[in-house]
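One rule links them: number in this note's numbering = place in the sequence shown (from 1) + 407.
Idealized CB from N, CA, C, for every residue including glycine.
Every value quoted in this text rests on a predicted model; they were computed, and no experiment measured them.
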Amino acid sequence: MKIEIWSDIMCPWCYIGKARLDRAIERLGGGGHDAGGRGAGGRDDIEVVWRSFELRPDQPRTPGATLGEMMREKLGLQPGETVELFEKIRVLGEAEGLDIRLTGVRPVNSFDAQRLVHLAAESGLLVEAG
């Protein structure tokens, strides 16, 4: 089975999804996937192909407004709504063994970070970088 995933590494939902996929493959007896994207531990029938996707290609490379401020401006969310959303993401991440804290985060463009992931993949170091 080939699983193709388009993901922005700056996206907390993508991070949670990756953890859930890793866990699902492990439950199938795969123990995750190696740097080549194939299921490890006897699950060579699962191939995971990671694709880069920039959610915000227009995002500046230098930090500006906080994520909460951006969400209030772009999406019209109220301060309480961003607090609730960040807490929901924190709890969902925690359930996957992740420590996701978005309060005070100042997003930047993810292009260079995604370039680093591609370099790691080409060097056989994708699992360590991901």
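Inset, instruction - Take Leu428 as the anchor and find which of Ile416, Val455, Arg522 has the nearest alpha-carbon. - result: Val455
Inset, instruction - Tell me, please, whether the stretch 500-519 touches the stretch 462-472 by the rule of three or more beta-carbon pairs shorter than 8 Å. - result: yes
Legend entry - Three-state secondary structure (DSSP) of Arg479: helix
Inset, instruction - Tell me, please, whether the stretch 458-465 touches the stretch 499-507 by the rule of three or more beta-carbon pairs shorter than 8 Å. - result: no
Inset, instruction - Name the residue from Lys409, Ile410, Lys425, Met408 whose alpha carbon lies nearest to the alpha carbon of Ile416. - result: Lys425
Legend entry - Reduced DSSP category for Glu501 - H, G, I as helix; E, B as strand; rest coil: helix
Legend entry - Span separating the alpha-carbon of Arg497 from that of Ile507: 5 Å
Legend entry - C-beta atoms of Glu529 and Arg458 nearer than 8 Å: no
Inset, instruction - Return helix, strand or coil for Val524, following the three-state DSSP convention. - result: helix
Legend entry - Where the alpha helix (DSSP H) containing Glu433 begins and where it ends: 419-434
Legend entry - Reduced DSSP category for Glu461 - H, G, I as helix; E, B as strand; rest coil: coil
Inset, instruction - Determine the direct distance from the alpha carbon of Ile423 to that of Leu474, and round the result to whole angstroms. - result: 18 Å
Inset, instruction - Have a look at Ala472 and Arg522 and give me their C-alpha separation to the nearest angstrom. - result: 24 Å
Legend entry - Cutoff 8 Å; reference Gln485; Cβ partners in own chain excluding five residues on either side: Arg479
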